[in-house]
Structures are given as structure tokens and as C-alpha cells.
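A.B. asks: Okay, handing you the structure first.
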Amino acid sequence: MKRKSVKKAARIRLPRKGASYTELSDFFDRHDGSDLEAQGIMEVDPQRADLDRMMLQYWNEPNTRQLNIRIPPTARRMIEKLAKRKTVQVSTLVRMWVIDSMRREASRS
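In my numbering, the protein residues as written are 552 to 660.
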């Protein structure tokens, strides 16, 4: 009788504290959320009710809060070009992306 060799998943090494955007980007390109969950680095929030409630609430609220983020100049230019191509304001396009991402994240189990 032959023994099957069970290959143990390699331990995921987290990025160092203060890692650069490039290092973090590389880390998340190489590791799926399920990999991180399998090794106990991340966990799924069993209490999603708050997210579902907030998703319903934001539909009825006006855009009154401002959020400032820092991005590389090239990313800004790319967003401006994409917004122009879609004939929308830069802030509208970014808001659409954020809301779409929020919907996707909130719908994950």
C-alpha cells in the first residue's frame, strides 16, 4: 500500500510593519483572502447585519461627507482620463467605484 504525501501549506509571512505600498500590493497579489483565512491571519465576520443595515441606509443619504486620500500622481491622471472618457466628474467615478466595492465586500460570506 502506497502512502499519499500530504503537502502542508507554507506558512504565510506577513509584510513588515511600515511596508511600502509596493510591498503590500505584492503581498496581496500573491495571497488570496482564503489563504489568509485558512492560516488564521484573517477571519470572516459572522455578524454581517451591521454591514447590511449600513448598505441600505447609505442609499437614502445625501453625499455630505468628504474623504481625502493620497494617491500617486499617475493614478490621479489615469482616473481623470477614465472619468473624461465616461463623461463624469472624477469624484463621481471614484464614488461609483467605492460604492461598487462596498457592495461586493458586504455581499461576501
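Glycine included, each C-beta is placed from N, C-alpha and C at the ideal position.
How many angstroms separate the CA atom of Arg616 from the CA atom of Tyr609?
C.D. replies: Each residue's alpha carbon lies about 12 Å from the other.
A.B. asks: DSSP three-state call for Gln590: helix, strand or coil?
C.D. replies: Residue state, collapsed to three classes: coil.
A.B. asks: By Cβ distance below 7 Å, which residues in the same chain neighbour Leu602 in space, the five residues on each side in sequence not counted?
C.D. replies: Within the same chain, Leu602 has close Cβ partners Ala657.
A.B. asks: Find out if the Cβ-Cβ distance for the pair Leu644, Ile630 is shorter than 8 Å.
C.D. replies: Their beta carbons are under 8 Å apart, which means Leu644 touches Ile630 by this criterion.
A.B. asks: For Ile563, which residues in the same chain have their Cβ closer than 7 Å to its Cβ, ignoring the five residues on either side in sequence?
C.D. replies: Here the set comprises His582, Asp586, Leu587, Gln590 and Ile592.
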